[in-house]
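Residue numbers (the UniProt record's numbering), protein chains in the order written: chain A, 1 to 188; chain B, 1 to 188; chain C, 1 to 188; chain D, 1 to 188.
Okay, structure first, notes after.
Number of protein chains: 4
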Amino acid sequence: MTEPKPLRADARRNRARVLDAAETVFAARGTGAPTEEVAREAGVGIGTVFRHFPTKAALLEAVLAERMRRFVEEAQSFAAAEDPESAFFVFLGRWAEMSAAKNAYTDALAAAGADVPRLGPEIGAQVREAVGALLSRAQLTGAVREDVGVTELIALMVGAARAAEYLGEDAALRARTLGIVFDGLRAR
Amino acid sequence: MTEPKPLRADARRNRARVLDAAETVFAARGTGAPTEEVAREAGVGIGTVFRHFPTKAALLEAVLAERMRRFVEEAQSFAAAEDPESAFFVFLGRWAEMSAAKNAYTDALAAAGADVPRLGPEIGAQVREAVGALLSRAQLTGAVREDVGVTELIALMVGAARAAEYLGEDAALRARTLGIVFDGLRAR
Amino acid sequence: MTEPKPLRADARRNRARVLDAAETVFAARGTGAPTEEVAREAGVGIGTVFRHFPTKAALLEAVLAERMRRFVEEAQSFAAAEDPESAFFVFLGRWAEMSAAKNAYTDALAAAGADVPRLGPEIGAQVREAVGALLSRAQLTGAVREDVGVTELIALMVGAARAAEYLGEDAALRARTLGIVFDGLRAR
Amino acid sequence: MTEPKPLRADARRNRARVLDAAETVFAARGTGAPTEEVAREAGVGIGTVFRHFPTKAALLEAVLAERMRRFVEEAQSFAAAEDPESAFFVFLGRWAEMSAAKNAYTDALAAAGADVPRLGPEIGAQVREAVGALLSRAQLTGAVREDVGVTELIALMVGAARAAEYLGEDAALRARTLGIVFDGLRAR
DNA sequence: TATGAATGAGCGTTCATTCAT
DNA sequence: TATGAATGAACGCTCATTCAT
């Protein structure tokens, strides 16, 4: 359903280029950036963008979906780590950093919780599952308090990313601030 | 500088009406809402809006500045409370709740740190001062850890407001999530 | 309902200019002509066209309504003529000529019978009434056969106008062709 | 001239399929329908459509030409009928009915007279000849007035088809209206 | 030869801003 | 000073046409 047609090789390459360009442009200039900017960045004609994504909303959705896919991937790559506590906090940290750099990553996470109608519920479920796995393992080791659920955790990540974005350049400052949230998450 | 001319009474009233309308409209429909919508809500002509705020950006800035003014006012009203610990946390809580409803309050706070050049540094300083006062008093009582600065605190508030906004309706869930951040702020 | 607001004098003048221009342009180049052409012909900016007629469809409707208004007016001016027979045929002839010159007049008549949703039923009724009055009087004098109804008559006018348009320049040829239809209408 | 090259069998089959599809699509959705719709209906790629008809205009012309070919064919099939009077009127009637359903047939006829330069004069001549034959025979029997020429007759048919189209569903109403034109054509 | 992806001019429409009333 | 009509740049999107596969 997600990939109804096996596109030609060149078409698939262009689709990917457009998606990359869209991520870059929307992150840099906001989602209000003209679609033509995306086309220019991708090095294709405006018609090509609309051939692959029939409306601007569809393009935004695709960007979101792609980000969520990457997020799930990264979360899963941490799931098998030896030390669940460090896996949990390192993942959170890395992710907040990423989000601060390309602010819109957070929107992707946020979207997992709610709507974005066309996205389908599955991808949101995958996000929750991936994060939940990391959380559970960290809780089992006693490192993270028991009364935190996946929903609260995702909300905190959304918020932490926003905070990191707000803080801007200063890495040490960001780390210290994030540390406060981490401390709140730890079992006493 | 902020109010170069002593406006006539009716002009001042119109300015205020436009500002109110802008806050309402932009909160409800986003900052992309047409300026004409603001004029309609204010019950004035579009020309009047542009007379008082020569560009749309200027209008947005003015809305932000107004929000920050109110924020400072509220922070100050908590500054004299008997119990500094509770004053600190209750203020944070109330404010996150408010922001959850009208998320743009957050943007206002965020703007205090950096961007929005036209806003002038004074108003940002006032915010920092007002929040700082609450923070210091709470730290003096030993309720809040010493290694938190005003900048980190504001970042956390920005993030907490975003988290609360993300969580939406469920007040208990919001309280629990906010509580995690609060626990992170407390001295051990 | 048709004129909700008493427009400013200059606004009304511009509205009329746009309507005139639209009639000219759509008649000459077809309804597919770009709206900007209409603006150019009217000597106004494109925004002005859309201020007065919020969509292109609305503009087309307005052109149609205006034509029907004129048609009714002309029919009424013939209604009081001394000789009903000549009034009837002269009106039909004049009107077919007009339509041949500006082909789209016919569409207006045709629209009186059916749809064009927004136009409201009243104007269609007015057309039928105006034509019906001419017809009845001519039938009373015995000049026109009794078994012709308003609907048939309008259909014939629509068709006659199309025929005249098809014939183009040659006035004598048009007159002869129209005469055949007229003969069909006469009582034997 | 019309078929410069003897196409390969499959190419000719594709050409015919495209032509059929074009007639169907343009009749249903108007001539503004995208060429891609025609390709889809024909079950071929868009490239194939443009290979056979290098522009959309060329495709429209071909559809017109095809319609006229059929028209001539039908007229000829009536030419040898025993009763010229009934052949004449039955043919006109049948044809107006057809046109009412697929109004664009009319345009095809109209095109025989003048415009559509590419169509070549021959096909127009064929139409005139075929209709003229029916007309002459009917005039010889005294059923149709002598002062009607082929041009007037075609114009009347164009108009009658338009009238029938205007009248829509009601077959009895269409017949009555057409009857008026027929009466105009009859000798007194 | 057939395909369908790519192209980009062009269209309808919006909205910040200006200016005559 | 207040009004709202006028302006036109800019945007999202379509579709005839081209061309690499």
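Yeah, the Cβ is synthetic: ideal placement off N, Cα and C, and Gly gets one too.
| message | For a contact defined as C-beta to C-beta under 9 Å, what are the partners of VAL90 (chain B) on chain A? | response | Taking the first residue of the second sequence as 1, we reach residue 90 (chain B) at position 90. In chain order: nothing, as chain A lies at least about 18 Å away.
| Partner residues on chain B for ARG176 (chain A), Cβ-Cβ distance less than 8 Å | Position 176 of the first sequence, counted from the first residue, corresponds to residue 176 (chain A). Simply ASP147 and GLU152.
| query | So VAL49 (chain D) packs on THR35 (chain D), CB below 8 Å; how close in whole Å? | reply | Indexing the fourth sequence from 1 puts residue 49 (chain D) at position 49. Indexing the fourth sequence from 1 puts residue 35 (chain D) at position 35. About 6 Å; that satisfies the 8 Å criterion.
| request: Would you identify the three-state DSSP class for LEU38 (chain A), choosing helix, strand or coil? | output: In the first sequence, residue 38 (chain A) corresponds to position 38, counting from 1. Per the sequence shown, residue 38 (chain A) should be read as Val rather than Leu. If DSSP states are grouped into helix, strand and coil, VAL38 (chain A) belongs with the helices.
| message | I believe residue 197 (chain C) touches LEU134 (chain C) by the beta-carbon criterion, under 8 Å. Please report the beta-carbon distance rounded to the nearest angstrom. | response | Residue 197 (chain C) lies beyond the range of chain C shown here (1 to 188); nothing can be said about it.
| said: Taking 7 Å as the threshold (C-beta atoms), are GLU61 (chain C) and THR141 (chain C) in contact? | reply: Counting from one through the third sequence, the residue named residue 141 (chain C) turns up at place 141. Counting from one through the third sequence, the residue named residue 61 (chain C) turns up at place 61. No, Cβ-Cβ distance for THR141 (chain C) and GLU61 (chain C) is not below 7 Å.
| field | Interface residues of chain D facing GLY43 (chain C) [CB-CB closer than 9 Å] | value | Residue mapping note: residue 43 (chain C) aligns to position 43 of the third sequence, counting from 1. Within 9 Å Cβ-Cβ: nothing; GLY43 (chain C) doesn't reach chain D, min ~29 Å.
| request: Consult DSSP for ARG15 (chain B) and reduce its assignment to one of helix, strand or coil. | output: As a first step, residue 15 (chain B) is located in the second sequence; it is residue number 15 there, counting from the start. The answer is helix: DSSP assigns ARG15 (chain B) an H, G or I state.
| N-terminal and C-terminal residue of the alpha helix (DSSP H) that ALA33 (chain A) is part of | Against the first sequence, residue 33 (chain A) aligns to sequence position 33. Neither: ALA33 (chain A) is in no alpha helix (DSSP H) and is coded neither H nor E.
| field | Interface residues of the stretch 154-167 of chain A facing chain B [CB-CB below 7 Å] | value | ALA155, LEU156, VAL158, GLY159, ALA160, ARG162, ALA163, TYR166 and LEU167
| field | Validate contact between the stretch 61-71 of chain C and the stretch 152-167 of chain C using beta carbons, cut 8 Å, 3 pairs | value | no
| request: Taking ASP183 (chain D) as the query, report the chain C residues whose CB atoms sit under 7 Å from its CB, ordered along the chain. | output: Translated into the one-based positions of the fourth sequence, residue 183 (chain D) becomes position 183. GLY184, listed in chain order.
| Hey, how far is the Cα of GLU37 (chain D) from the Cα of VAL25 (chain D)? | Against the fourth sequence, residue 37 (chain D) aligns to sequence position 37. Against the fourth sequence, residue 25 (chain D) aligns to sequence position 25. Their Cα atoms are separated by approximately 7 Å.
| query | Residues of chain D with CB under 7 Å from GLN180 (chain C), in chain order? | reply | Here the question's residue 180 (chain C) lines up with position 180 in the third sequence. Note on residue identity: the sequence assigns Ile, not Gln, to residue 180 (chain C). Simply VAL148, GLU152, LEU156, GLY184 and LEU185.
| request: Assuming GLU187 (chain D) contacts ALA143 (chain D) (C-beta within less than 8 Å), just tell me the rounded distance between them. | output: Working through the fourth sequence from its first residue, we reach residue 187 (chain D) at position 187. Working through the fourth sequence from its first residue, we reach residue 143 (chain D) at position 143. Checking the sequence, you will find Ala at residue 187 (chain D) rather than Glu. Indeed, because the Cβ distance is near 7 Å, the residues count as touching under 8 Å.
| message | At a threshold of 6 Å, does ARG128 (chain C) count as lining the ligand HEM (C-beta to nearest heavy atom)? | response | The model depicted lacks the ligand HEM and carries no ligand whatsoever.
| task | Can you check DSSP and say which residues form a bridge with VAL144 (chain A)? | result | Numbered from its first residue, the first sequence carries residue 144 (chain A) at position 144. A:ARG186, per the DSSP bridge assignment.
| task | Could you check what DSSP says for THR48 (chain B) in three-state terms: helix, strand or coil? | result | Residue mapping note: residue 48 (chain B) aligns to position 48 of the second sequence, counting from 1. Helix, per DSSP.
| request: Give me the Cα-Cα distance between PRO9 (chain D) and GLY47 (chain A), rounded to the nearest whole angstrom. | output: Counting from one through the fourth sequence, the residue named residue 9 (chain D) turns up at place 9. Counting from one through the first sequence, the residue named residue 47 (chain A) turns up at place 47. Here residue 9 (chain D) is Ala; the residue named in the question, Pro, does not match the sequence. Cα to Cα, ALA9 (chain D) sits roughly 35 Å from GLY47 (chain A).
| request: Could you tell me if VAL18 (chain A) is buried or exposed, where buried requires 16 or more neighbouring beta carbons within 10 angstroms of its beta carbon? | output: Looking up residue 18 (chain A) in the first sequence gives position 18. Result: buried.
| Option nearest ALA42 (chain C) by Cα separation, candidates C:ALA160, C:SER136 and C:ALA11 | Taking the third sequence and counting its residues from 1, the one referred to as residue 42 (chain C) is at position 42. Among C:ALA160, C:SER136 and C:ALA11, the Cα nearest to that of ALA42 (chain C) belongs to C:ALA11.
| DSSP on ARG8 (chain A), reduced to helix/strand/coil? | For the purposes of this step, residue 8 (chain A) is taken as the residue at position 8 of the first sequence. Coil at ARG8 (chain A), not helix or strand.
| message | Which residue marks the beginning of the alpha helix (DSSP H) containing GLU73 (chain C), and which one marks its end? | response | By one-based count along the third sequence, residue 73 (chain C) stands at place 73. Per DSSP, GLU73 (chain C) belongs to the alpha helix (DSSP H) from 56-79.
| Can you tell me whether DSSP reads GLY132 (chain A) as helix, strand or coil? | The count along the first sequence starts at 1 and reaches residue 132 (chain A) at position 132. The answer is helix: DSSP assigns GLY132 (chain A) an H, G or I state.
| query | When you compare each of A:ASP20, A:SER99, A:ALA130 and A:ARG51 to ALA80 (chain A) by their alpha carbons, which one comes out closest? | reply | Taking the first residue of the first sequence as position 1, residue 80 (chain A) is located at position 80. Ranking the options by Cα distance to ALA80 (chain A), first place goes to A:ALA130.
| task | For THR55 (chain B), count neighbouring C-beta atoms within 10 Å of its own C-beta (all shown protein chains included) and say buried if the count is 16 or more, exposed if not. | result | Here residue 55 (chain B) refers to the residue found at position 55 of the second sequence. By the 10 Å Cβ count, THR55 (chain B) comes out exposed.
| field | Helix, strand or coil at PHE89 (chain C) [DSSP, three-state] | value | Taking the first residue of the third sequence as position 1, residue 89 (chain C) is located at position 89. Of the three classes helix, strand and coil, the one that applies to PHE89 (chain C) here is helix, per DSSP.
| Whole-angstrom distance between THR151 (chain C) and GLU89 (chain C), CA atom to CA atom | Here residue 89 (chain C) refers to the residue found at position 89 of the third sequence. Here residue 151 (chain C) refers to the residue found at position 151 of the third sequence. The question names Glu, but residue 89 (chain C) in the sequence shown is Phe. The alpha-carbon atoms of PHE89 (chain C) and THR151 (chain C) are separated by roughly 17 Å.
| task | Whole angstroms is fine: what's the gap from GLU97 (chain D)'s alpha carbon to ALA160 (chain D)'s? | result | Stepping through the fourth sequence from its first residue, residue 97 (chain D) is reached at position 97. Stepping through the fourth sequence from its first residue, residue 160 (chain D) is reached at position 160. If you take the alpha carbons of GLU97 (chain D) and ALA160 (chain D), they lie about 9 Å apart.
| message | What does the Cβ neighbour count give for SER77 (chain C), buried or exposed, with the cut at 16 atoms within 10 Å? | response | What you label residue 77 (chain C) is simply residue 77 of the third sequence in a count that begins at 1. Flag for SER77 (chain C) reads exposed.
| request: Ignore the nearest five residues each way along the sequence and tell me which others in GLU73 (chain C)'s own chain have a CB closer than 7 Å to its CB. | output: Locating residue 73 (chain C) in the third sequence gives position 73, counting from the first residue. Here the set comprises nothing.
| query | If we ignore side chains and look at the alpha-carbon of each, how far apart do PHE182 (chain C) and GLY184 (chain D) end up? | reply | As a working mapping, residue 182 (chain C) is identified with position 182 in the third sequence. As a working mapping, residue 184 (chain D) is identified with position 184 in the fourth sequence. About 7 Å.
| LEU173 (chain D) touches chain C at which residues, Cβ-Cβ below 9 Å? | Residue numbering aside, residue 173 (chain D) sits at position 173 when the fourth sequence is read from its first letter. Correct list: GLY149, THR151, GLU152 and ALA155.
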